[in-house]
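Residues 27 to 262 (this note's numbering) make up the sequence shown, in order.
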Amino acid sequence: MAKRLKILGATNVICAGNLKYAAQPLPAEPEAVRTLEDAFEGRPRWLAASTHAGEEEAAGLAHKILHPRFPNLLTIIAPRHPERGAAIAKQLGELGLSVSRRSGGQLITPSTDIYLADTLGELGVLYKSTAVTFMGGSLVPHGGHNPLEPARLDCAILHGPYTFNFKEPISELLAAGASKSVSDASELAAALAVLLESPEIAHARAAAAKRVGTAAGHILDQVAEEISRHFPSDNT
C-alpha cells in the first residue's frame, strides 16, 4: 500500500505495519465460553471455521477418518455463510454423520458427530472453547480468512494451501511453528490426530500463535501518535 501511495504522488509516507495485527481479539464472553464448554462435556474437539462449499465435506471426511481412533470426537463447523446450514447438514447426514444445528437450538448429545454452528457473531466464543482451529476458505481457492483471529484466542491453527489473502501472517505463523498447511481431508485428519493425541503440542502451537497474533499491538499507538503530530492540541 505504501508503494502504491508513492506511485500516486504521496510524499513522506510512513508504514506503521499491517493493521490486521493491531486488531483486538474477537468477543468471547467468559460466561458464553463456559456454557459452550459445559455442552461439550470434555469431549475432544476441533473447529472448522469460516468454511466454504467443499470444506464441510472435507471436515466430515476427516471426522470419519479420526473416529475409530477418537470415538468421542466432536467436530464443530462454523460456515462462513450460515444460511447454508440446512444444505450442509443434509450433506453431512448423507455421509452418515449425526449433526446438531446451533441455529435450531439442537443440543449436543453423546451421538452428535458434528456441531454445526450456523450462527453469526460467535466465532470468538468458538475459538476460545476449542484448542485447534482449521481456517476455512483455504482448501478451496478463496484465499483463506484471517488466521490472527484464532491466534489471539489461544488456538493452534491448520489451513489449506490457498492463503493468498493472508500471505504475511500465514508465513509468520508457519515460521513460528504455530500453524500447519494441509491439502485434503486425509492430511487434515493426520494433522488433527497429532494435536488431539498430544495436547502439549497443541498448547505449544497455540502459545506460538498467540505471540504472533499479539506481537504488533503497538501499531495503533504508533498510528495515533503520527496523526496527533499533525493536529496539535488546543491548550487555550
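Using N, Cα and C, we set each Cβ at its ideal position, and we do this for glycine too.
For clarity, every value in this text was computed on a predicted model and none was experimentally measured.
To the nearest angstrom, report how far apart K206 and F257 are at their CA atoms. In the sequence shown, counting from the first residue as 1, residue 206 sits at position 180. In the sequence shown, counting from the first residue as 1, residue 257 sits at position 231. Roughly 45 Å separates the two Cα atoms.
Contacts around S254, its chain only, beta-carbon distance under 7 Å, and the 5 residues preceding and following it disregarded: Position 228 of the sequence shown, counted from the start, is the residue given in the question as residue 254. Cβ neighbours of S254 beyond the five flanking positions: none.
Where Y141 falls: helix, strand or coil (DSSP): Counting from 1 along the sequence shown, the entry for residue 141 is found at position 115. Strand.
Measure the Cβ-Cβ separation of G162 and R106 and say whether it is below 8 Å. Within the sequence shown, the letter at position 136 stands for residue 162. Within the sequence shown, the letter at position 80 stands for residue 106. Yes, Cβ-Cβ distance for G162 and R106 is below 8 Å.
Within this structure, are the beta carbons of L324 and R60 separated by less than 8 Å? What is shown of the chain runs 27 to 262, which leaves residue 324 out entirely.
Opposite L73 in the DSSP bridges: which residues? Counting from one through the sequence shown, the residue named residue 73 turns up at place 47. DSSP output for L73 lists I102, T159 as bridge partner(s).
Could you check what DSSP says for L222 in three-state terms: helix, strand or coil? The residue given as residue 222 occupies position 196 in the sequence shown. The answer is helix: DSSP assigns L222 an H, G or I state.
Proximity test, L73 beta-carbon vs the ligand COA heavy atom, cut-off 7 Å: Within the structure as shown, the ligand COA is missing, as the structure has no ligands at all.
First and last residue of the uninterrupted beta strand (DSSP E) at L174: Taking the first residue of the sequence shown as 1, we reach residue 174 at position 148. Premise fails: L174 lies in the alpha helix (DSSP H), 174-178, not in any beta strand (DSSP E).
Given a cut-off of 8 Å, decide if A216 and L199 are closer than it, judged by their beta-carbon atoms. Sequence index remark: in the sequence shown, residue 199 carries index 173 (1-based). Sequence index remark: in the sequence shown, residue 216 carries index 190 (1-based). No, these two residues do not count as a Cβ contact at 8 Å.
Which of the three DSSP states, helix, strand or coil, is assigned to I134? For the purposes of this step, residue 134 is identified with residue 108 of the sequence shown, where counting begins at 1. Of the three classes helix, strand and coil, the one that applies to I134 here is coil, per DSSP.
In the DSSP assignment, the alpha helix (DSSP H) including A5 goes from what residue to what residue? There is simply no residue 5 to check, as the chain begins at 27 and stops at 262 in what is shown.
Can you say whether L165 is buried or exposed, counting buried as having 16 or more other CB atoms within 10 angstroms of its CB? Here the question's residue 165 lines up with position 139 in the sequence shown. So L165 counts as buried.
Using only the alpha-carbon positions, how far apart do G122 and I33 sit? Residue 122 sits at position 96 when you count from the first residue of the sequence shown. Residue 33 sits at position 7 when you count from the first residue of the sequence shown. Distance between the alpha carbons of G122 and I33 is about 56 Å.
Spatial distance of P167 from N98 (CA atoms): By one-based count along the sequence shown, residue 167 stands at place 141. By one-based count along the sequence shown, residue 98 stands at place 72. Answer to the nearest angstrom: the Cα atoms are 32 Å apart.
Is there contact here, the region 177-197 with the region 139-146, by at least three beta-carbon pairs under 8 Å? no
Assuming E81 contacts A74 under a Cβ cut-off of 8 Å, what Cβ separation, rounded to an integer in Å, is found between them? For the purposes of this step, residue 81 is identified with residue 55 of the sequence shown, where counting begins at 1. For the purposes of this step, residue 74 is identified with residue 48 of the sequence shown, where counting begins at 1. Indeed, because the Cβ distance is near 7 Å, the residues count as touching under 8 Å.
Cut-off 6 Å between Cβ atoms - residues of its own chain near T189, not counting five sequence neighbours on either side: Here residue 189 refers to the residue found at position 163 when the sequence shown is read from its first residue. Answer for T189: S164, G170, I196, listed in chain order.
Proximal residues to G150 (C-beta, below 6 Å), its chain only, five neighbours per side dropped: Numbered from its first residue, the sequence shown carries residue 150 at position 124. Counting only Cβ-Cβ distances below 6 Å, and skipping sequence neighbours, we find L52, P53, A54.
Reducing DSSP to helix, strand and coil, say where L34 ends up. Residue mapping note: residue 34 aligns to position 8 of the sequence shown, counting from 1. Coil.
What do you get for D139, buried or exposed, if any count of 16 or more other CB atoms within 10 angstroms of its CB means buried? In the sequence shown, counting from the first residue as 1, residue 139 sits at position 113. Under this definition D139 is a buried residue.
Close beta carbons around L92, own chain, < 8 Å, minus the five adjacent residues each side: The residue given as residue 92 occupies position 66 in the sequence shown. Answer for L92: L99, A215, L218, A219, L222, listed in chain order.
According to the neighbour-count rule (16 or more other Cβ atoms, all chains shown, within 10 Å of its Cβ), is L133 buried or exposed? The count along the sequence shown starts at 1 and reaches residue 133 at position 107. Classification of L133: exposed, given that the 10 Å Cβ count is below 16.
Grab me the residues of T240's own chain with a C-beta within less than 7 Å of its C-beta, minus the 5 sequence neighbours each way, in chain order. As a position in the sequence shown, residue 240 is number 214, starting the count at 1. Correct list, in chain order: R178.
Can you tell me which residues form a DSSP beta bridge with A235? Here residue 235 is taken as the residue at index 209 of the sequence shown, counted from 1. DSSP lists no partner for A235.
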